[in-house]
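Student: One structure, as structure tokens, below. Some questions next.
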Amino acid sequence: ERHLGAGLAQVASGSYAGEHWLATFAAYALACAGD
């Protein structure tokens, strides 16, 4: 959960890594959270 929280905080950072890759991994982590 700490990694997800830290990543979500950077999703709207304005950088390519933040807006593309972190958003992709955040969506995956949120989708898997219920498993």
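Every number in this note's numbering is 1154 more than the matching position in the sequence shown, counting from 1. Yeah, the Cβ is synthetic: ideal placement off N, Cα and C, and Gly gets one too. Computed from a prediction, not measured in an experiment: that's the story for all the values here.
In terms of residues, what are the limits of the alpha helix (DSSP H) holding Leu-1162?
Tutor: Against the sequence shown, residue 1162 aligns to sequence position 8. Per DSSP, Leu-1162 belongs to the alpha helix (DSSP H) from 1156-1164.
Student: So, at 8 Å on beta carbons, what are the nonlocal neighbours of Leu-1184 in its own chain, with the 5 sequence-adjacent residues on each side left out?
Tutor: Sequence index remark: in the sequence shown, residue 1184 carries index 30 (1-based). If we look at Leu-1184 and ignore the five residues flanking it on each side, its Cβ neighbours are Leu-1158.
Student: Assuming Leu-1184 is part of the alpha helix (DSSP H), what are its boundary residues?
Tutor: The sequence position of residue 1184 within the sequence shown is 30, counting from 1. Here the alpha helix (DSSP H) through Leu-1184 covers 1177-1186.
Student: When the Cα atoms are used, what is the spatial distance from Trp-1175 to Ala-1163?
Tutor: One-based indexing of the sequence shown puts residue 1175 at position 21. One-based indexing of the sequence shown puts residue 1163 at position 9. Going by the C-alpha atoms only, they are around 13 Å apart.
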